[in-house]
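**Q**
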Amino acid sequence: MSRNDKENEQSSSEHSKEPEENKVVLYDLAENIKRYKDVFGEDSDLSVRYMQHENLKMAILFIDSLVEKEIMDQHVIHVLNNQLNDIVSADEEIILSTSKTKKITKHKEVLEHLLQGYSIILFDGYPIAYAAETAGGDRRPVTESSVETVVRGPRESFNESIMTNIGLIRRRVHTPHLQIYKKELGKESKTSVAVLYIKGIAKDNIVEEVISRIDNISIDAVLDSLYIEELIEDPQRYSPFPTIFNSERPDRISAGLLEGRIAIIVDGTPVVLLVPATIGLFLTSNEDYYQRYDISSLMKILRGGAFVLSIILPGLYVALLTYHQEMIPTPLLIAVTGQREGVPFGIAIEVAIMEITFEILREAGIRLPKTVGAAISIVGGLVLGQAAVDAGLVGQGTVIVVALTAISSFTTPSYNIAITARMIRFILLILSSFLGAFGLIFGLIFLLIHLNSLRSFSVPYLAPIVPFHKGDWKDLFIRVPWSHMKERPEEISNNNKNRMESSKVDRHLNRRN
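If you're matching positions, the sequence shown starts at 0 in numbering that gives the first Met the number 0 and goes up one per residue.
Shown next, in the form of structure tokens:
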């Protein structure tokens, strides 16, 4: 068959209703370029550069907004110019100095690689193409996290590049056993997703379950890790408690991997997921492992107490003043009752109004520019609180209780669990306003039953409390010295549970004593 016959055959197949995945690269260079310009549109950011040497014509296609111009100029165009004299046909091996160069023949593959930032080299008279990795463009650099701040510890945080994020973890976990499973999700977005785990430490059944759930995702686009979080979490969709942990800090994710957890990185977002997650993970701060164990233990106790206080304090205040005044010391009861003289609302409505007002202020502070957001929240809270007391709409005791609740909620390290605490606080407030202390107690009992029923990839949410694992309590409510934390969490790690060799640690401690 002559070349013209082949070209006619290819052209006719192009206009037929052939499935996209079966279409091939055409022989005719002009037809190829026309085809891709038709796909992206004449006014798109698809660029074409032509090159010719004697009878060999070629063109380089790339998307301006997705490629690193310096890489393309130095490692593709410059290298091709040097090789032009030696290239007789496109069937020969073309050696480029980019990190990846692929030989492709399908129309669909060309489109996929263009959208991933590759430069495509097409030839006139040959139904093949070369894809050279030139992805780049403007990316946010690695900076300090503005959400998960620490006094002592690393300052790096993830950014929107999946390869950068994998590199940040690689720099902390120097082991060849760190496994990476990659997949593209989203029919339209083609978002790169990476699953990371340490072979021999992570449980094989949990790894298989995570990969299976990700493989079963079918969606048009994945624009953030939350898409995957909602699609792969255990079927407790109406629970307010998060069962998948997320963080912007490479050290936090690396620590989770070393415990036997699995990380999920999504291209285009700095938030990395970590599974399985237990409630203790959400109440642990990064800094707990960068301070002395006695200081960290004190901070853990204070943080846990503040978390409980942020949930029950408004409901307890309403229950005591409405139904159980005999439980309040007489001088305190007289003082609080005197402050509420002339207040037109019941105590439950009064607390609810102040709580809702503060939540509105908190949300406004987040949405406003950083330079004025914090000032508006603080000044607005002070001015509104004082004005409400002066106007006789609320009592001073209510303002104190709401302010103490808000301050306690700020000590929670994880934003997800802090939002959950805010939701539960309103539920307990409603129960306390109708049933008093009995409603508060019933609500807490139901909350514990619900927590006990939750699972994160088959791991109990309340582990190591339920089921009880004595060894894991060393890093739950307090943190014991590292020399005593010789084993990884029971419910999460595989057979390789030893963090350190006991004999060497014991010998060192004995010598020191």
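Just so it is clear, CB atoms sit at the ideal spot from N, CA and C, and this is done for glycine as well. Because the structure is a prediction, the values reported are computed rather than measured.
(1) By alpha-carbon positions, which one of T142, A29, V335 and L297 ends up nearest to P126?
(2) Assuming I264 contacts L195 (C-beta within less than 8 Å), just tell me the rounded distance between them.
(3) Any idea which residues DSSP pairs K182 with across the strands?
(4) So is R139 buried or exposed if we call it buried at 16+ other beta carbons inside 10 Å?
(5) For E486, which three-state DSSP category applies?
(6) With a threshold of 16 other CB atoms inside 10 Å of the CB of R154, please say whether the residue is buried or exposed.
(7) Please list the terminal residues of the continuous beta strand (DSSP E) segment that includes F61.
(8) Can you list, in chain order, the residues of its chain with a C-beta nearer than 8 Å to that of P466? Leave out the 5 residues immediately preceding and following it.
(9) Under the DSSP definition of a beta bridge, which residues are partnered with S134?
(10) A526 and I261 look like a contact to me (Cβ under 8 Å); what is the Cβ gap, rounded to whole Å?
(11) Let's test the definition: count the other Cβ atoms within 10 Å of the Cβ of T283 and tell me whether it reaches 16, buried, or not, exposed.
(12) Going by Cα to Cα distance, which pick from Y316, S432, S407 and H112 is closest to I421?
(13) Count the CB pairs spanning the stretch 324–344 and the stretch 376–396 that are closer than 8 Å, and state whether there are at least three.
(14) When the Cα atoms are used, what is the spatial distance from N204 to D233?
(15) From F441 to G470, what distance separates their C-alpha atoms?
(16) Could you check how far apart the C-beta atoms of V191 and D266 are, in whole angstroms? I think they sit under 8 Å.
(17) Below 8 Å, how does it come out for the stretch 164–174 and the stretch 243–257: are there three or more Cβ pairs, yes or no?
(18) Please state the DSSP three-state secondary structure of S455.
(19) Taking just the CA atoms, how far does I278 sit from S492?
(20) Comparing C-alpha positions only, which one of A402, V206 and K107 sits nearest to E187?
(21) Apart from the five residues on each side of it in sequence, which residues of its chain come closer than 7 Å, Cβ to Cβ, to N494?
(22) Let's see if you can read the secondary structure: which residues bound the beta strand (DSSP E) around T100?
(23) Cα separation between T148 and M353?
(24) Going by DSSP, what residues sit across from M50 in a beta bridge?
(25) Helix, strand or coil: which one does DSSP assign to N245?
(26) Tell me which same chain residues have a C-beta within less than 6 Å of the C-beta of P488, skipping the five on either side of it?
(27) What does DSSP give as the partner residues of K198 in its beta bridges?
(28) Hey, could you find the ends of the alpha helix (DSSP H) Y117 is sitting in?
(29) I need the straight-line Cα distance from I227 to T163, nearest angstrom please.
(30) Which of the three DSSP states is assigned to L367 in this structure?
(31) If I follow the unbroken beta strand (DSSP E) through L113, where does it start and stop?
(32) What first and last residue would you give for the alpha helix (DSSP H) that runs through A318?
(33) What is the DSSP secondary structure of Y414, reduced to helix, strand or coil?
(34) Alpha carbon to alpha carbon, what distance is there between I32 and L114?
(35) Quick one: using the 10 Å Cβ neighbour count with 16 as the cut-off for buried, is D72 buried or exposed?
(36) Between E286 and the rest of its own chain, which residues show a CB-CB distance below 8 Å, the 5 nearest in sequence each way excluded?
**A** Answer, in terms of the structure:
(1) For the set T142, A29, V335 and L297, the Cα lying nearest the Cα of P126 is the one of A29.
(2) Cβ-Cβ separation between I264 and L195: approximately 7 Å, consistent with a contact (criterion under 8 Å).
(3) Looking at the DSSP output, K182 sits in a beta bridge with V192.
(4) Classification of R139: exposed, given that the 10 Å Cβ count is below 16.
(5) Collapsing the DSSP output to three states places E486 in a strand.
(6) Counting Cβ neighbours within 10 Å, R154 comes out exposed, since fewer than 16 surround it.
(7) Where F61 is concerned, the enclosing beta strand (DSSP E) stretches over L55 to I62.
(8) Scanning its chain for C-beta atoms nearer than 8 Å, with the 5 sequence neighbours on each side dropped, one finds around P466 the residues P459 and E490, in chain order.
(9) It is worth fixing the name first, because residue 134 is Ala in this sequence and not Ser. Answer is V66.
(10) The structure shown does not extend to residue 526, since the chain spans only 0 to 512, so no value can be given for it.
(11) T283 comes out buried.
(12) Looking at the sequence itself, residue 421 is Arg, so the reference to Ile does not match. Looking at the Cα atoms, S407 is the closest of the given residues.
(13) Yes, they touch.
(14) Taking the straight line joining both Cα atoms gives about 15 Å.
(15) Rounded to whole angstroms, F441 to G470 spans 31 Å at the Cα level.
(16) Here residue 191 is Ser; the residue named in the question, Val, does not match the sequence. Between D266 and S191 the Cβ distance is about 4 Å, and since that is below 8 Å, they are a contact.
(17) The way I'd put it, the stretch 164–174 does touch the stretch 243–257; three or more beta-carbon pairs between them come closer than 8 Å.
(18) Three-state DSSP puts S455 in a strand.
(19) Using only the alpha carbons, I get a separation of about 17 Å.
(20) Comparing Cα positions, the closest option is K107.
(21) Correct list: empty, nothing qualifies.
(22) Going by DSSP, T100 is part of the beta strand (DSSP E) stretching over T100 to I103.
(23) The straight-line gap from Cα to Cα measures roughly 29 Å.
(24) Note: M50 sits in a beta bridge opposite M57.
(25) DSSP places N245 within a strand segment (E or B) once states are collapsed to three.
(26) If the five residues before and after P488 are omitted, its C-beta is found closer than 6 Å to the C-beta atoms of E258 and D471, all from its own chain and listed in chain order.
(27) Beta-bridge partners assigned by DSSP to K198: A201.
(28) Y117 -> not in any alpha helix (DSSP H); beta strand (DSSP E) instead, spanning Y117 to F122.
(29) Looking at the two C-alpha atoms, the distance is approximately 20 Å.
(30) In the structure shown, L367 adopts coil according to DSSP, grouped into three states.
(31) Run containing L113: none in the beta strand (DSSP E); it sits in the alpha helix (DSSP H), H106 to L114.
(32) Where A318 is concerned, the enclosing alpha helix (DSSP H) stretches over Y292 to T321.
(33) The answer is helix: DSSP assigns Y414 an H, G or I state.
(34) Computed Cα separation, rounded: 16 Å.
(35) Answer is exposed; the Cβ neighbour count stays below 16.
(36) Contacts found: V149, V150, R151, G152, S295 and M298.
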